[in-house]
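Heads up: the protein sequence lines correspond to chains A and B, in order.
Taking our numbering, the leading residue of the first sequence gets 1, the next gets one more, and so forth.
Taking our numbering, the leading residue of the second sequence gets 1001, the next gets one more, and so forth.
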Amino acid sequence: MITEQEIWKGLELVKDPEIPTLSMVDMGIITKVEVRGENSVFVEMTPTFTGCPAIKMMEGMVADRLKEMGITQVEVVTTFDKPWDSNKLTERGLMCLKKHGLAPPVKHSGEVTMELLEHTECPFCGSKNTEMKSPFGPTLCRSMHYCNDCLQAFEGFKPVV
Amino acid sequence: MNTTAIKELLYKMADDLLIIGHRNSEWTGLGPILEEDIAFSSMAQDKIGQSQALFQLLHELGEQEPDTVAFTRNANQFHNAQFVELPNGDYDFSLMRHFLYDVADQLRFEMLANSSYEPLAKVARKIKGELKYHVFHANTWIVKLGSANEESKARMQTALNDAWNYALGLFEEGDFENDLKKEGVFAGEATLKQLWLETITPTLTKATLTIPHENTWEPKLGGRKGIHTEHLEPLVEEMSEVFRVDPSAEW
């Protein structure tokens, strides 16, 4: 029988539809994997933002991947039981974001303040001489910034509690 | 637990979010600068998603599917406060409403994060984190425009005066306030209103704006009971137009 570890490993191939360098596992949105019997697997997910329009699509991608792995009975549900927060991104996830040109979210300690975003480190040159242009960006999970040193606009992945 | 009381609470919150979300979306493509266009569009997406999560809780309590509830009711079956259905007006009014509404909503969801009704508490714990960004955005603009120049200050003060009594209507009490309090579901509108006043006052002071004098306060009530301004019906018609054409369409 397939093990939970093998499922987790297999799911690492499922990438965020908007950030192709980042897996859903590293994003921290897969909150539970349960092998329920021969060829039967249950997966629990949670969205980064309540209004994330990609969550249905991501459920489908997870289900497809499991079927690819030979699982015939697949159940994928989305719940708020263990809500996502940006600290749930793995170290590898943070690196992936940076590689994609997105500033990773600053680790928070249960509280997010405007100051936390004000001088986000530029993912291109590493400078902290940056300013936040808007707490909103092209997707709900991103903010917009400008680097005064390398003179490039960049996006950041928002810290969320 | 008193399910009728919980449903009433969920309906008014979900409807507030759905309607303000729709109003926010009306700025898409029309925002005064690109960043603001994106901000109101993002907030629209957040709010409509949050309303969907609350409609889902209602569905779990036996109400119809979220889409059916959102798109097939008539205006007089909506429980949103009149405040959120008012037209966007100029950007000053939209920003002021955004500030007054979002601070109230953030506090509401912070209170509900400790609700004894666990399904709602779970959703509230998620939503309150998201609303932080809405309040950041609102605070920034209120302070910036309130203290920028004579024109911007005058416009923001007028917007505050125009919005005020409608904003007070957000705290219209329902028939089940006591049940909700007694059962630890929600600490009540009066408590929320007090917290809201304490929270908005320092920001408005920083923005050099003045809250209308208390003896002029006349909360615009009725929204929670289905009594609305003439602005809601056309909004609902527009919002549900596509759904009504083909309710079974797959997206």
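C-beta atoms are modelled at their ideal positions from N, C-alpha and C, and glycine is treated no differently.
Please read all numbers here as calculations on a predicted model, not as lab measurements.
Taking Cβ to Cβ, would you say residue i is nearer than 7 Å to residue j?
i         : j         : result
B:Asn1139 : B:Pro1212 : no
B:Gly1184 : B:Glu1177 : no
B:Asp1092 : B:Arg1155 : yes
A:Thr50   : A:His100  : no
B:Ile971  : B:Phe1099 : Given that chain B is displayed from residue 1001 to residue 1251, the structure contains no residue 971 of chain B and the question cannot be resolved.
A:Lys158  : A:Ser143  : yes
B:Ile1055 : B:Val1069 : The question names Ile, yet the displayed sequence has Phe at residue 1055 of chain B. Yes; because the gap between Cβ atoms is below 7 Å, this pair is in contact.
B:Thr1003 : B:Leu1061 : yes
B:Asp1015 : B:Asn1080 : yes
B:Leu1017 : B:Ser1051 : yes
B:Leu1224 : B:Gly1174 : What sits at residue 1224 of chain B in the sequence shown is Arg, not Leu. Yes, the pair counts as a contact, with Cβ atoms nearer than the cut-off.
A:Ala54   : A:Pro104  : no
Closer than 7 Å, CB to CB, is residue i near chain A or not?
i         : result
B:Val1245 : no
B:Gln1106 : no
B:Gly1146 : no
B:Asp1037 : no
Quick check: is the beta carbon of residue i nearer than 7 Å to any beta carbon in chain B?
i        : result
A:Gly51  : yes
A:Val165 : Because chain A in this structure spans residues 1 to 161, residue 165 of chain A falls outside the shown range and cannot be described.
A:Met114 : yes
A:Phe42  : no
A:Leu102 : no
A:Leu140 : yes
A:Pro105 : no
Please return the same chain residues whose Cβ sits closer than 7 Å to the Cβ of residue i, not counting the five positions on each side in sequence.
i         : result
B:Arg1023 : Val1084, Asn1088
B:Lys1181 : Ala1187, Gly1188
A:Trp84   : Gly28, Ile29, Thr46, Pro47, Thr48
B:Glu1057 : Correcting the residue type first, residue 1057 of chain B is Leu in the shown sequence and not Glu. Taken in chain order, the residues that qualify are Leu1010, Pro1119, Leu1120, Val1123.
B:Met1096 : Met1156, Ala1159, Leu1160, Ala1163
Can you tell me which of the options puts its alpha carbon nearest to the alpha carbon of residue i?
i         : options                                    : result
A:Asp149  : A:Ala54, A:Gly126, A:Gly70                 : A:Gly126
B:Leu1168 : B:Gln1157, B:Phe1071, B:Pro1202, B:Glu1214 : B:Glu1214
B:Arg1108 : B:Leu1197, B:Val1236, B:Glu1151, B:Pro1219 : B:Leu1197
A:Ile19   : A:Met95, A:Gly110, A:Pro135                : A:Met95
A:Gln152  : A:Glu91, A:Pro135, A:Lys9, A:Asn129        : A:Asn129
A:Val14   : A:Val112, A:Thr3, A:Cys52, A:Met57         : A:Met57
B:Leu1204 : B:Lys1220, B:Pro1032, B:Gln1157            : B:Gln1157
B:Gly1029 : B:Phe1040, B:Ile1020, B:Ile1019, B:Glu1250 : B:Phe1040
B:Glu1233 : B:Arg1224, B:Gln1194, B:Lys1206, B:Asn1074 : B:Asn1074
B:Gln1106 : B:Ala1081, B:Phe1136, B:Glu1118            : B:Phe1136
A:Glu111  : A:Gly10, A:Lys9, A:Val161                  : A:Val161
B:Tyr1133 : A:Phe124, A:Cys147, A:Leu116               : A:Leu116
A:Arg92   : A:Asp16, A:Ser23, A:Ile7                   : A:Ser23
B:Met1043 : B:Ile1020, B:His1228, B:Leu1209            : B:Ile1020
Below 6 Å CB to CB, which residues in the same chain sit around residue i once its five sequence neighbours on both sides are set aside?
i         : result
A:Val43   : Val33, Val62, Val76
B:Ala1053 : Val1123
B:Thr1191 : none
A:His119  : Lys128, Thr130
B:Phe1071 : Ser1240, Phe1243
B:Ile1038 : none
B:Met1013 : Leu1054
B:Ser1152 : Leu1145
Short of 8 Å in beta carbon distance, which residues of its chain neighbour residue i, apart from the five on each side in sequence? Order them along the chain.
i         : result
A:Gln73   : Arg36, Gly37, Asn39, Ser40, Val41
B:Trp1217 : Trp1164, Asn1165, Leu1168
Short-range partners of chain B found in the segment 126-137 of chain A, where Cβ spacing is below 8 Å: Lys133, Ser134, Pro135, Phe136, Gly137: these are the residues of the segment 126-137 of chain A whose beta carbon lies less than 8 Å from some beta carbon of chain B, given in chain order.
Quick one, which residues of the segment 1115-1132 of chain B are near chain A if we go by CB-CB under 7 Å, in chain order? Lys1122, Val1123, Arg1125, Lys1126, Ile1127, Gly1129, Glu1130, Lys1132
For the segment 1007-1022 of chain B, enumerate the residues whose C-beta is nearer than 9 Å to any C-beta of chain A, in chain order. Residues passing the 9 Å Cβ filter: Gly1021.
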